[in-house]
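In the order they appear, the protein sequences are chains D and G.
Counting from 1 along the first sequence, just add 376 to a position and that's the residue number in our numbering.
Counting from 1 along the second sequence, just add 376 to a position and that's the residue number in our numbering.
There are 2 protein chains.
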Amino acid sequence: MTGAPGPRWIAGVDIGGTNLVVGLVRSDGGGPVAVRTAPTRPEEGAAAAARRVAAMVRESAAAAGVRFPDDVAGIGAGAPGPMELDSGTVRETPNLGWRNVPLRELLVEAAGVPATLHNDADCAAYGEWRRGAGQGARCLVCLTLGTGIGGGIVLDGRVHQGVSGSAGEVGHTCVEMNGLLCGCGARGCVEAYASGPAIAARALDAGYCPESPQRVTAETVCRAAADGDRKAARVVADTGAILGVAVANLMHVLNPDVIVLAGGVARAGDLLFGPLRREVRRRAFASAEAACRIEPAAFPETAGVVGAAELFRSAQAAPA
Amino acid sequence: MTGAPGPRWIAGVDIGGTNLVVGLVRSDGGGPVAVRTAPTRPEEGAAAAARRVAAMVRESAAAAGVRFPDDVAGIGAGAPGPMELDSGTVRETPNLGWRNVPLRELLVEAAGVPATLHNDADCAAYGEWRRGAGQGARCLVCLTLGTGIGGGIVLDGRVHQGVSGSAGEVGHTCVEMNGLLCGCGARGCVEAYASGPAIAARALDAGYCPESPQRVTAETVCRAAADGDRKAARVVADTGAILGVAVANLMHVLNPDVIVLAGGVARAGDLLFGPLRREVRRRAFASAEAACRIEPAAFPETAGVVGAAELFRSAQAAPA
């Protein structure tokens, strides 16, 4: 790297099953600015989504007063599912319905700037490690709580992707071997209890009944719990305890110094984190528990955007 | 390192709750030779144990026709429990009853050669990675099945010890959050089902009754299962399935290329490994499962001896 000043911005992109999120990330710290969100509409295909991402990046740059492409080094993108990192190809994404799509190439063509592509949960973990709640951690695990439960691991400053790119899938670790059936086909996965839809289903099972007729979601359950609804509060507390079992398991295996919880549910605060920490204290070794901070994400909704941009930066700094 | 020929042997030592195991490990490959086993007698204290280890190392060298100390570079030792790696101090070992013992120093004094000290499960993992069933692995996890269930992780050729030295404690990961009570105080740990004593207890609960009056141990249960006892076979199969849950969890978190099972129970063969692999196939992602070999240890009883010696060698090659 030379000392010459390059573009100071990177566009971070999170390509989710439901939404596209785009924001501009500065090279010198801070969260994303000029964040734009739009439906992914995966059924229109990956090329159409890539074109929409490119338009959102331009829009975001215009809103932030950043010249595009002159002052934007490129696009760091994250997407769900296993992928070929070298070629930037999405192999299989149940949430998007795309198979063997050269997504990075499509982004480069649509936007006319360089791009990188990484797993979205890895992006979130890296974003929290580089700029968020896990700065300076030697070993960080980040859980992303949403429609599914994903996870990413950062070890000694590098994402631990595993030998076939699927490390960090904490959502499918089992906490109850004869427990609830998970979407993956196995029983007792954390996701079967603590994903957004699972929280809503458990609340309905527990007899939670919203005052006005509305669709019950994890968000409405968390809000009702905060407003004092006992049944909802019980479900949120149980969710915390179940996540605590998974977090204690991570402490036993990895003995990390930071575990970050990202995603909407992680904003439930003490109603969730209280029971979670209590369960961890019951299960983890005292020395491992003392050595580990458990934190809500600094960027609950945009850790993936920040991390995707930062992974672009690290790829520029040290090309493979 | 210079090209000058140094001592070609290292003494590997495994200091267990029950036994001391000592063997000589050559620098150019192969398992330990002139292996000696003796009771640990921890109640006599660490200094006495260290003196006995030194005597066993001399005995082992004499039996192998190796000059001591001239042709023995030093002692690589492993012991259970959390330890201060830098100072070689055992902090706390429930199995030995020693607290804050400068065990490495005691070994150096007793034997008059340099020594290193590492966690015993880490030694086993490193031994299997360096010379056993996991040679060449990028990411290896080794479970040691015994009185307790330990574990070690080798990532990119280095032991992942975690931030407070307690990574790899797979035995205390939970597979059934409201399950059997474990010695650690938590419910549903793998160890509560699949440790040696737990296997024996589950066999007795299941009505397994040995023909001749004898103490029921995991070993007698495994032998009876191999001899066709149905109740014993059922217990061994269930043990395999429960270990399979833990192994699938490791695949989800770490996505390793090799998982090694060491210790006596791992020698039960297909009666254990069949149900284990079936459970893994049910739970792990297909790509992660396809990328990972599950193997019995190459050194079921002496992986810790080999790995302790190899960790000594790696410390000599690259002093901290």
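Cβ coordinates follow ideal geometry from the N, Cα and C atoms, glycine included.
Predicted, not measured: the structure shown is a model, and the values here were computed from it.
- Around the CB of cysteine 558 of chain D, 16 or more other CB atoms lie within 10 Å, so the residue is classed as buried.
- Residue-level contact check: proline 573 of chain D does not touch chain G, since none of the beta carbons of chain G fall below 9 Å from its beta carbon.
- Asparagine 471 of chain G and lysine 607 of chain D have their C-alpha atoms roughly 44 Å apart.
- Secondary structure at leucine 472 of chain D: coil, using DSSP grouped into helix, strand and coil.
- Look at the beta carbons and you see the stretch 447-463 of chain G touching the stretch 380-400 of chain G: at least three pairs across the two are nearer than 8 Å.
- For asparagine 476 of chain G, no CB of chain D lies under 9 Å from its own CB, so it is not counted at the interface with that chain.
- Contacts with chain D at 9 Å (Cβ-Cβ) include aspartate 633 of chain G.
- As a beta-bridge residue in DSSP terms, arginine 534 of chain G pairs with G/Leu531.
- In terms of beta-carbon proximity, arginine 412 of chain D stays away from the interface with chain G, with every pair separated by 9 Å or more.
- Here DSSP, grouped into helix, strand and coil, assigns leucine 461 of chain G to coil.
- Three or more Cβ pairs closer than 8 Å define a contact, and the stretch 592-600 of chain G falls short of that threshold against the stretch 626-635 of chain G.
- Going by DSSP, arginine 507 of chain G is part of the alpha helix (DSSP H) stretching over 496-507.
- Under the three-state reduction of DSSP, glycine 450 of chain G is assigned to strand.
- Annotation: alanine 673 of chain G is outside any beta strand (DSSP E) and is labelled neither H nor E by DSSP.
- Along the stretch 426-437 of chain D, none of the residues has a CB nearer than 7 Å to a CB of chain G.
- Interface flag for valine 546 of chain G against chain D is set, since a Cβ pair is found closer than 9 Å.
- Residues of chain G whose Cβ lies closer than 9 Å to the Cβ of alanine 624 of chain D are, in chain order, His548, Thr549, Cys550, Ala562.
- With three or more CB-CB distances shorter than 8 Å, the stretch 514-528 of chain D counts as touching the stretch 541-557 of chain D.
- In the DSSP assignment, valine 634 of chain D forms a beta bridge with D/Leu516, D/Arg669.
- Proximity of the stretch 417-432 of chain D to the stretch 472-483 of chain D meets the contact definition, three or more beta-carbon pairs being nearer than 8 Å.
- Listed in chain order, the positions of the stretch 457-471 of chain D with a beta carbon within less than 7 Å of a beta carbon of chain G are Pro458.
- With respect to glycine 508 of chain G, alanine 642 of chain G sits apart: the two C-beta atoms are not nearer than 9 Å.
- With contacts defined as CB atoms closer than 9 Å, leucine 483 of chain G and valine 429 of chain G qualify as a contacting pair.
- Between glycine 555 of chain G and arginine 534 of chain D, the alpha-carbon positions lie close to 36 Å from each other.
- For cysteine 515 of chain D, the chain G residues whose C-beta falls within less than 9 Å of its own C-beta are His536, Gly538, Val539, Ala543, listed in chain order.
- Between valine 612 of chain G and leucine 647 of chain G a beta carbon distance of about 5 Å is seen, short of the 8 Å cut, so the two are scored as contacting.
- According to the DSSP assignment, leucine 400 of chain G belongs to the beta strand (DSSP E) that extends over 395-402.
- Chain-ordered, the chain G residues with CB closer than 9 Å to the CB of histidine 628 of chain D read Gly527, Ser542, Ala543, Gly544, Glu545, Val546, Gly547, His548, Thr549, Cys550, Cys565.
- Scanning chain D for C-beta atoms nearer than 8 Å to the C-beta of arginine 658 of chain G yields Gly561, Ala562, reported in chain order.
- Within the same chain, Gly508, Ala509 come within 6 Å of alanine 674 of chain G by CB-CB distance, once the 5 residues on both sides are set aside.
- For asparagine 395 of chain D, the number of other beta carbons within 10 angstroms of its own is below 16, and it is reported as exposed.
- The Cβ atoms of valine 623 of chain D and glutamate 552 of chain G lie no closer than 9 Å to each other.
- The count of Cβ pairs closer than 8 Å, one atom from the stretch 398-414 of chain G and one from the stretch 432-450 of chain G, reaches three, so the stretches are in contact.
- Contact of serine 690 of chain G with chain D by beta-carbon distance below 8 Å is absent, the smallest such distance being about 17 Å.
- Counting of Cβ neighbours within 10 angstroms places serine 588 of chain D among the exposed residues, the total staying below 16.
- For valine 566 of chain D, there is no enclosing beta strand (DSSP E), as DSSP marks it with neither H nor E.
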